[in-house]
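Scroll down for the structure; my scribbles are underneath it.
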Amino acid sequence: MEGYRVSPMAALLFIAALLAASCIPSEAAFSKGSFEDNFNIMWSEEHFKTSEDRQIWYLSLDKETGCGFQTKQRYRFGWFSMKLKLVGGDSAGVVTAYYMCSENGAGPTRDELDFEFLGNRTGQPYLIQTNVYKNGTGRREMRHMLWFDPIEDFHTYSILWNNHQIVFFIDRVPIRVHKNNGETNNFFPNKKPMYLFSSIWNADEWAARCGLEKTDWKNAPFVSSYKDFNVDGCQWEDPYPACVSTTTKNWWDQYQAWHLPDSQKMDYAWVQRNLVIYDYCKDTERYPTLPVKCSLSPWN
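Letter by letter, the sequence shown follows residues -28 to -1, 1 to 272 of mature numbering (1 follows the signal peptide of the UniProt record, and there is no 0).
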């Protein structure tokens, strides 16, 4: 990882960029209730706990099973945000997933937007993998290093989703932009409403150094922590949902949210220069002919 270390000057420039104005409104303006108001446990309720004030939620993984939760509601377009603190210590093989998906299970025609946090041996950095699925097809991975230690404190992970772009954010810094070119067979998930999920599970067959590093169960249970779920999106309601077509009455569906503003472009450029360690659009061995999506500019 030596080639990916960030210089002190670059870090200072990045911090200055973070102070720039953003079109994203304050999350506090649309905080949405308790865990019980928003989520159901998907499996292993005994592996789910809360703090005494019920403001922090914990998912744990042991050798028997992990745990996961999902929103009670589906959404089509909006802003979706959660604060996470990841598993500390030796977490090789452990994956904490935070994602949106159109189905409860990994169905063959699902749409999906993924954050996957890949644990590592003690002292080695976490990696974040993002992915996009359309009608069950994925293989659009990117991997990033982080500019902070995600086990020391909570950080905010967010997705902006409208009919023009999907942007993955960390602490309001855009790390990935996925654009819509408007074509019929465009690889852009925009038709199906999605739930929001999170889970913790064992993936030591691939997650750490392509499966070379295995989960050390002596360190179990592995615990990931959550708080401050925020959503400002169009809630899907059958049989004729309000969000069946786009409008411009919401900030996340207005012109300013169709593109990165100049202040966010500075942050995005910094991330691309310093933190990207894998981009499927640059993997010509895997894709001798690159997907059409790779030709779309994130800057427009």
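All C-beta atoms, glycine included, are put in the ideal place defined by N, C-alpha and C.
Quiz item: In angstroms, rounded to a whole number, what distance separates the CA positions of Tyr105 and His150?
Solution: Their Cα atoms are separated by approximately 11 Å.
Quiz prompt | Close beta carbons around Pro97, own chain, < 6 Å, minus the five adjacent residues each side | solution = The answer, listed in chain order, is Met117.
Quiz prompt | Three-state secondary structure assigned by DSSP to Trp15 | solution = In the structure shown, Trp15 sits in a strand (DSSP, three-state: E or B).
Exercise. List the DSSP bridge partners of Pro146.
Key: Beta-bridge pairing links Pro146 to Phe141.
Exercise. Provide the residue span of the beta strand (DSSP E) that contains Arg245, from first to last.
Key: Looking at the DSSP string, Arg245 is not in any beta strand (DSSP E); the run it does join, the alpha helix (DSSP H), is 234 to 246.
Practice problem: Grab the span of the alpha helix (DSSP H) containing Glu8 for me, first residue to last. | Solution: Boundaries of the alpha helix (DSSP H) around Glu8: 7 to 10.
Quiz item: Met238 to Arg115, Cα distance in whole Å?
Solution: If you take the alpha carbons of Met238 and Arg115, they lie about 20 Å apart.
Quiz prompt | Candidates Gln226, Asn202, Pro80: closest to Gln27 by CA position | solution = Of the residues Gln226, Asn202, Pro80, the one whose Cα lies closest to the Cα of Gln27 is Asn202.
Quiz item: Is Gln228 helix, strand or coil by DSSP?
Solution: Correct three-state label for Gln228: helix.
Quiz item: Taking Cys253 as the reference, which of Leu247, Asn246, Trp223, Leu262 has the closest Cα?
Solution: Residue Leu262 holds the alpha-carbon nearest to the alpha-carbon of Cys253 among Leu247, Asn246, Trp223, Leu262.
Self-check item: Alpha carbon of Ala(-8) to alpha carbon of Asp200, nearest angstrom
Solution: Below a pLDDT of 50, predicted positions are generally treated as unreliable, and Ala(-8), at 43, falls in that range; the measurement from the model is reported next regardless. Cα-Cα distance, rounded: 22 Å.
Quiz item: Skipping 5 residues on each side, what residues in its chain have a beta carbon closer than 7 Å to that of Asn152?
Solution: Counting only Cβ-Cβ distances below 7 Å, and skipping sequence neighbours, we find Asn135, His136, Gln137, Asn158, Phe160, Asn162.
Self-check item: the stretch 28 to 36 contacting the stretch 185 to 195, beta-carbon criterion three pairs below 8 Å
Solution: Contact between the stretch 28 to 36 and the stretch 185 to 195 is present, because at least three Cβ pairs lie under 8 Å.
Practice problem: Find out if the Cβ-Cβ distance for the pair Ser171, Phe41 is shorter than 9 Å. | Solution: Closer than 9 Å, so yes.
Quiz item: Is the beta carbon of Cys266 sitting closer than 9 Å to the one on Tyr167?
Solution: Not closer than 9 Å, so no.
Quiz item: Rounded to the nearest angstrom, how far is the Cβ of Cys206 from that of Arg48, given a contact under 8 Å?
Solution: Their Cβ separation, rounded to whole angstroms, is 5 Å, which keeps Cys206 and Arg48 in contact under 8 Å.
Practice problem: In the DSSP assignment, find the unbroken beta strand (DSSP E) run with Met114 in it and report its ends. | Solution: Looking at the DSSP string, the run of the beta strand (DSSP E) that includes Met114 is 114 to 116.
Practice problem: Alpha carbon to alpha carbon, how far is Gly154 from His19? Give it in angstroms, no decimals. | Solution: Each residue's alpha carbon lies about 43 Å from the other.
Quiz item: What residue ranges within the stretch 60 to 114 form continuous alpha helix (DSSP H) runs of no fewer than 4 residues, ordered along the chain?
Solution: Note on the stretch 60 to 114: there is no whole alpha helix (DSSP H) run with a minimum of 4 residues.
Quiz item: Got a sec? Which residues, its chain only, sit under 7 Å from Asp143 by beta carbon, not counting five neighbours each side?
Solution: Hits under 7 Å: His127, Thr128.
Self-check item: Selection from Ser130, Val66, Glu24, Thr22 that minimises the alpha carbon distance to Asp188
Solution: Nearest of Ser130, Val66, Glu24, Thr22 to Asp188, Cα basis: Val66.
Quiz prompt | For Gln45, the residue or residues it bridges with in DSSP | solution = The partner list for Gln45 (beta bridge, DSSP) is empty, contrary to what the question assumes.
Quiz item: Roughly how many whole angstroms lie between the Cα atoms of Thr22 and Trp29?
Solution: Their backbone Cα atoms lie some 4 Å apart in a straight line.
Self-check item: Three-state class that DSSP yields for Ser267 in the structure shown
Solution: In the structure shown, Ser267 falls within a helical segment according to DSSP collapsed to helix, strand and coil.
Quiz item: Relative to the alpha-carbon of Asn10, which residue among Arg46, Gly91, Asp251, Ser16 has its alpha-carbon at the smallest distance?
Solution: Among Arg46, Gly91, Asp251, Ser16, the Cα nearest to that of Asn10 is on Arg46.
Quiz item: Any idea if Gln228 is buried or exposed, counting beta-carbon neighbours within 10 angstroms, 16 or more meaning buried?
Solution: Around the beta carbon of Gln228, fewer than 16 other beta carbons sit within 10 angstroms, so the residue counts as exposed.
Quiz item: For Gln254, which three-state DSSP category applies?
Solution: Per the sequence presented here, residue 254 reads as Lys, with Gln not at that position. Collapsing the DSSP output to three states places Lys254 in a helix.
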